[in-house]
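Chemist: I am attaching a structure below and will ask some questions about it afterwards.
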Amino acid sequence: MWLAVADPAGYLAAHEDALLQRGIEEADEVEGVVALVDALHGAGEVAYLDWKEEAGEVRAQVAGLPRVRAAGVALDAAGEGSVEQVAGAISRLLGPAGLVVVQVDEGSDAYPLVAVPADRLPALVAAGAAVDVGVRTFG
Numbered sequence: 001m002w003l004a005v006a007d008p009a010g011y012l013a014a015h016e017d018a019l020l021q022r023g024i025e026e027a028d029e030v031e032g033v034v035a036l037v038d039a040l041h042g043a044g045e046v047a048y049l050d051w052k053e054e055a056g057e058v059r060a061q062v063a064g065l066p067r068v069r070a071a072g073v074a075l076d077a078a079g080e081g082s083v084e085q086v087a088g089a090i091s092r093l094l095g096p097a098g099l100v101v102v103q104v105d106e107g108s109d110a111y112p113l114v115a116v117p118a119d120r121l122p123a124l125v126a127a128g129a130a131v132d133v134g135v136r137t138f139g
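If you read the sequence shown in the numbering used here, its first letter stands for residue 1, the second for the next number, and so on.
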């Protein structure tokens, strides 16, 4: 992850195929948040969705996140709608299990969604703000 900050061109070269799929073609487009989302993806902790994703795909990808699987909450009741609407509904469904769905804002039209413990949300938002990475909830 630090390679993205210390050597954006090196990070681009090492991850070129995956970054090209996300529309990142130049080293100056590589930021720390990109590496953070990549690290979360590599750990299986992010549902990476396009802005126009179907509701069923949103539910399926979020349902596959480890914390969501462990919570055992059915997400079918999240219904239909935009990624934001479905993510908000999922977050409300996960609330009683102590989880909240957040988006790590990487400055694109994608939705990297992560399920985090609700009691850690303030610290996560503060940590993101300290390094200029937006972490937003759905309400």
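All residues carry an ideal CB built from backbone N, CA and C; glycine is no exception.
On the DSSP bridge list, what partners appear for residue 134?
Modeler: Residue mapping note: residue 134 aligns to position 134 of the sequence shown, counting from 1. BP columns for residue 134 point to 105.
Chemist: Closer than 8 angstroms by C-beta to residue 78: which residues in its own chain qualify, once you throw out the five before and the five after it? Chain order, please.
Modeler: As a position in the sequence shown, residue 78 is number 78, starting the count at 1. Excluding sequence neighbours, residue 78 sits near 55, 58, 59, 86, 89, 90, 93.
Chemist: At the level of alpha carbons, what is the spacing between residue 105 and residue 84?
Modeler: Counted from its first residue, the sequence shown places residue 105 at position 105. Counted from its first residue, the sequence shown places residue 84 at position 84. So the two alpha carbons sit approximately 13 angstroms from each other.
Chemist: So, are the CB atoms of residue 117 and residue 46 less than 8 angstroms apart?
Modeler: Residue 117 sits at position 117 when you count from the first residue of the sequence shown. Residue 46 sits at position 46 when you count from the first residue of the sequence shown. Taking 8 angstroms as the Cβ cut-off, residue 117 and residue 46 do not qualify as a contacting pair.
Chemist: Hey, out of 108, 27, 102, 110, whose CA is closest to residue 123's CA?
Modeler: Indexing the sequence shown from 1 puts residue 123 at position 123. Comparing Cα positions, the closest option is 102.
Chemist: Starting from residue 114, follow its DSSP beta bridges and name the residues at the other end.
Modeler: Position 114 of the sequence shown holds residue 114. According to DSSP, which records beta bridges pairwise, residue 114 is partnered with 102.
Chemist: Which residues share a DSSP beta bridge with residue 11?
Modeler: The residue labelled residue 11 in the question sits at position 11 within the sequence shown. Paired residues: none, contrary to the question.
Chemist: Return the first residue and the last residue of the alpha helix (DSSP H) that residue 17 is part of.
Modeler: As a position in the sequence shown, residue 17 is number 17, starting the count at 1. Element bounds for residue 17: 16-21.
Chemist: When DSSP builds the beta bridges, which residues end up paired with residue 28?
Modeler: To locate residue 28, count along the sequence shown from 1; it is residue 28. Looking at the DSSP assignment, residue 28 forms no beta bridge with any residue, so it has no partner.
Chemist: DSSP three-state label for residue 127, please.
Modeler: Here residue 127 corresponds to residue number 127 of the sequence shown, with the count starting at 1. Helix at residue 127.
Chemist: Can you list, in chain order, the residues of its chain with a C-beta nearer than 7 angstroms to that of residue 27? Leave out the 5 residues immediately preceding and following it.
Modeler: Indexing the sequence shown from 1 puts residue 27 at position 27. Closer than 7 angstroms at the Cβ level, and outside the excluded window around residue 27, lie 8, 9, 12.
Chemist: Residue 99 and residue 135: beta carbons closer than 8 angstroms?
Modeler: By one-based count along the sequence shown, residue 99 stands at place 99. By one-based count along the sequence shown, residue 135 stands at place 135. For residue 99 and residue 135, no; Cβs fall outside 8 angstroms.
Chemist: Tell me the start and end of each unbroken alpha helix (DSSP H) in the stretch 36-74 that is at least 4 residues and wholly inside, in chain order.
Modeler: Runs found: 55-63, 66-71.
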